[in-house]
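Protein chains in written order, with my numbering: chain A, -5 to 197; chain B, 42 to 293; chain C, 14 to 390; chain D, 4 to 288; chain E, 139 to 588. Every residue, glycine too, gets a C-beta built ideally from N, C-alpha and C.
Spelled out as structure tokens, the structure:
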């Protein structure tokens, strides 16, 4: 029960309170770039969730079994993580294209965008910070980072999809000329972030 | 291409933040004040110059298929160096930049320049390009930083503008929504300026239209989808539309 | 030349009720609340309102000038925004708070998105949320002006239980201009267990894991004999305005009903955290002070005036019900578990964000077809 | 120097690199899918305005059609000859030169009186919906004047003048044909640059009627028919029509037309072409 | 009042019926020159079968029906064919028309205006009588009636609904007809029921016409029999209660599937005016040469319900009712919600013109952006999202409207009536439909070419 409440809080925080896009400024390039259509927003969101989960697990394993035992966590974390993520994304892309072409058509086109999505590297860094600060058990760390990875991705997807809905509506609005496109998307993001302040202090 | 153009185009015409819309995350996350913005800008510039240098040097040896991972490793190495240097000499700044320091690795500007310019050009132009783009990036995030600091804390570089003026500051500008808002309004303002300029230009040289502007990132190479897609995002941003003959509409 | 008739598309009859008429009715419906505010808080509250309204109207005109679109300040929509913004501000804020708030509300939340009809978020609430983040100390000062002169309602209900009046009275006795007290909802979030200790008159406390709120307190709060923002203290006045709007069919019952019902239901069901001296404990399920949740704070102004804002609420009836329920859920969650004592503003803004999705999910089933389809575009 | 740490770091990085490299190499062999790179290359060349002039759903659709050789390479009007050549380079084929095409409005809107007042959507297509009176002007063939073509033009080449008539800027016009599609009166047409003589009227009203309501309408006087040395212009159903098979663009009909209905654009076009060429020369030097 | 039958959606415009409600039906003056349009119905226009200078008699066929979905046109007077030319029609189109010079004799053609007993007619004979008489839907839709009465093999009609709703404001022609000639209407209904071989007949009347309802109820009771069960149904006052699909939904609680016809769910709807015409065709052998037109509106001094010959210029009718040409701003043929505005006083009355309004209110379309109030959504009888359609229309993406089910719109105008932003939604919808049809045609042609 205790455990469940803790995880519930992690989930709530990852999705709403500490939303990756709206309060942490992570993953803004795809947030602005891929939020023009709802369908592509959902595709991108799912791809991010997928990669974030895998990346969280893989990097935590590398940290626990490679970096920490050999005391390399200070200087080799970035290099090893980014390489692993890049390889992971590429491998998933390759495999998806062959094994699930339908899924590839829906998600695959977004996969290359994800390597340079700072949300993915960001979630691994946050997991790392947590693991460094709280020396709890290995499985706990792993589970926590996976949950964090999944729901940070869900939070990202939520923001992305809501944004896409809003931008679809804005498409038929007489937005001032100099604000059309990206500027209004930022202002909408500002308003969304303000609204998400309502979650502050929960959990 | 003239060296001067390579150096200066990143300042305004192809400003990585305001025109190409790259590197947005740090541009918003660490710009609560001028100090952080400057620190981030310099760090990114350093990485950009160094990675461009190494990429340019090694462009003949790296096989085409694995060049992206190689570039990433090169960039990551320099980011680690910056991180360690900062930890040693500027621990405060390192704390303030937080995870966005390691995240320089995935800053699209750096990988974009490495791929689009350094991997195709000689050493000197590559370094100059990196420096120019880095300065452009620094300039942009310093503008955001200064706006947010003034509005949000009534300070510049951590120094209060007027005594007791804090009361008029709007703290929201150093929070997340304020970051988005400042960015949106600045972009709109630059769009407005760009549109004005384009209109004036069109009036001035009525009819005679320049050829296609130099593409920001080489789009002719389809194997690198990452860069293509980023460029696609860039195209959605401000700047005059250079697609259609005689068009003076800003392309959104 | 022969007479030239006018050709217009059908229909050739149009309802008399245009945007201006709707907005004027909303202004009228808000009147009781502001008249009551004048009674309760004195002239500064009306000055704040005036600043908000004038700034809103002027900002609207300036924005329309800049955008080269026709002036439509005569449709009263900016006035409504100004009024609603003022309604959710504390009565003693500095002049620049409503000023900045109105500029943000009209300039950013409305005209950046394309003006009336295109805003995604309720401008007034967006202004308020901006102010909350920009000037947190001014907005959450917890100081309220002492009632100027003998308030009509104060004198009538003092004998019942002057839970808040005694503060006003004492402030008047010592000649203070302002008094510090918590709004009922702030009290609800800071409840403590007073087991064994003396009962504090007029305070809300916890006994045996149940929050104790007396009926007279609730009645006081309902009448407006309490502290809070300019336009939201008197639930009665707002209810009158709401009924007027419902009667004139400016709004439909769906959103207010769903909103208030959800707040009441969840306010009753959910356990609230409280401090029992050393740690945080939770009250029992199904014991919440639901009536206080309904009449206290800004629920009525939110449910009747803010959430029903046509531009930012869903179009279909089912969508409106969903929207209301969502607002209620978020309001209660923020009130009980969140960092703010009041959740109406943020809950409506959050639900505004979801409206495009709700509109897509709740498309009506087209006559003669099996099911509604959401276009892909 | 801490050799041990260095070697561990080196070793582990090499290890990670090796493992990932092997996995990726294996993956790329195992999951190899052939894609035609040319589609993306062609798409990169196309202007990306998705105007639909080629008849395919957007530029990407056209790119795919080119590569699968469903479509010829010269269909892109906005991209013009340059674009066609670039595509040809990728596809490894040569294309013939594409002559520029321009739009033209076959109505001069000569002071036609109104039949009624109109209040409703200002769109020419809306005005011809049954029951909307069929356009405010007395001439039921000519331009309605609500600027639908101007709004439809993806290149901003059409503007409405103060007489509510479209003016086509040939500098901006790419001949994409959107204006032809949207005009409910079929007034706009796309024609080659070298074709310069046109009848700018479509009214089949009797000459007397046209004469009364329009000062730039064809009144079927047949003067052009008599003047033409090549038998290339005929009045058919009260309207002069040029047979371009026979027409030598001599412009004699233009001179005799009492209503100024027939025009010759040769001079303007030649001047503009020269200006364009000199500008291009300057740009290259 | 509590639970009258009705449909989902709808609006409540002011009905303005008091203007002409109490004016008994009077015969309009027959003009010297009548313009008889060849297209007075949906479908192919009729082909003129007379030549200039031909003598014609009243009731003589002058335009022959072309194909199945078409209708005959008869001469409304006796006289001489003066010219065959073009004219504007109340349907908003231009069509061929025969100009007939009235000789003032009103001689009926041979076999016309002869009483006969249709008791022994077979369904097929009834249908052919109706077809010969050129009867079309007289509520305004002008769909040829004999087509409606001929369901294809395998489709049976179990209920005939008579539409006496007249939900359009101002219009009173059906109301007056129900009051003054109830038994012809009900007998016409019986004929229709026999023609399609069904036993149930209903007459729907809105609750704001209690006297008409009462008289219809009484007549129904009198004429009802075991093989023809007749009843009048009182319906809630709501626009567009008189829409075909809405009437079916209200009375029978059935929905016509999208893109299909009422006959697909076993229902048939006839206007009371058509029913009256069917009576005249079968009992009196009179083809359709006249109809009742409610001439009303604020600019008409003496509003009236006129029995007018087809082909009478609307200007004559208006002048007959002393209309103020200075004051009148807008002329409308039909009701104010779906009727079309016209500018031509020479335009003739056709078979579907139930009303002729001269309004003093121009009602400009100075529209604003949609404020998403949702009133159009609540009011839409087809359960569409008119606001969305209007936004699609405003931005000119007409083909996108197809996905938003624009083709299911019945163009009743309820959305536009309630819109506080004054948006011309119906016009955008009509435009979108036109563009979609054009596109479909283009695609079909393309497919044919390939």
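When only Cα atoms are considered, residue 131/D and residue 50/B end up about 52 Å apart.
At a Cβ-Cβ threshold of 8 Å, residue 208/E and residue 182/E count as neighbours.
Taking the beta carbon of residue 149/C as reference, the chain B residues within 7 Å of it are 212, listed in sequence order. The contact set of residue 533/E on chain A, defined by CB atoms closer than 9 Å, consists of 165 and 166 in chain order. For residue 122/D, the chain C residues whose Cβ falls inside 9 Å of its Cβ are 19, 20, 21 and 22, in order along the chain.
Residue 196/B has 201/B as its beta-bridge partners, per DSSP. It is roughly 15 Å from the alpha-carbon of residue 16/A to the alpha-carbon of residue 27/A. Contact annotation for residue 136/D against chain C: 20 [CB-CB distance below 7 Å, chain order].
Distance between residue 554/E and residue 310/C, taken at the CA atoms: about 39 Å. Residue pairing by DSSP puts residue 431/E in a beta bridge opposite 444/E. In the structure shown, the three-state DSSP call for residue 257/E is helix. With a threshold of 8 Å between beta carbons, residue 172/E makes no contact with chain D.
Exclusion of the five residues before and after residue 240/E leaves 168, 169, 170, 171, 172, 215, 216 and 217 as the residues of its chain whose Cβ lies within less than 8 Å of its Cβ. Under the three-state reduction of DSSP output, residue 181/D falls in the helix class. The closest CA to that of residue 191/D, considering only 64/D, 251/D, 146/D and 40/D, is found on 146/D. A straight-line Cα-Cα distance of about 28 Å links residue 539/E and residue 96/A. The C-beta separation of residue 491/E from residue 431/E comes to about 6 Å, placing the pair in contact by the 8 Å criterion. For residue 496/E, the uninterrupted beta strand (DSSP E) segment begins and ends at 493 to 497. By the Cβ-count criterion, residue 228/C is exposed, with fewer than 16 other Cβ atoms from all chains shown falling within 10 Å of its own Cβ.
Between residue 226/D and residue 250/D, the C-beta gap is not smaller than 8 Å, which leaves the two residues out of contact.
If you draw a straight line from the Cα of residue 196/B to the Cα of residue 510/E, it comes to about 43 Å.
For residue 120/D, the pairing in a beta bridge is given by DSSP as 19/C. For residue 18/A, there is no enclosing alpha helix (DSSP H), since its DSSP letter is neither H nor E.
In the three-state scheme derived from DSSP, where H, G and I count as helix and E and B as strand, residue 244/C is classed as coil. Counting only the Cα atoms, residue 368/C lies some 21 Å from residue 174/A. Contact between the stretch 342 to 351 of chain C and the stretch 303 to 318 of chain C is present, with at least three C-beta pairs closer than 8 Å.
Under the DSSP definition of a beta bridge, residue 236/D partners with 245/D. Residue 212/E is bridged by DSSP to 199/E.
Here DSSP, grouped into helix, strand and coil, assigns residue 363/E to strand. Uninterrupted beta strand (DSSP E) stretches at least 3 residues long and entirely within the stretch 251 to 322 of chain C occur at 286 to 288 and 293 to 295, given in chain order. Of all C-beta pairs linking the stretch 168 to 188 of chain B to the stretch 78 to 91 of chain B, three or more are shorter than 8 Å, placing the two stretches in contact.
Using a Cβ-Cβ cut-off of 8 Å, residue 160/A counts as an interface residue toward chain C, since at least one Cβ of chain C sits closer than that to its own. Among the CB atoms of chain A, none fall inside 8 Å of the CB of residue 313/C. Apart from the 5 residues on each side of it in sequence, residue 156/D sits with its Cβ closer than 7 Å to the Cβ of 181 and 182 in its chain, given in chain order. Using a CB distance cut-off of 8 Å, residue 125/A does not count as an interface residue toward chain B. Approximately 4 Å separates the beta-carbon atoms of residue 98/C and residue 137/C; this is inside 8 Å, confirming the contact.
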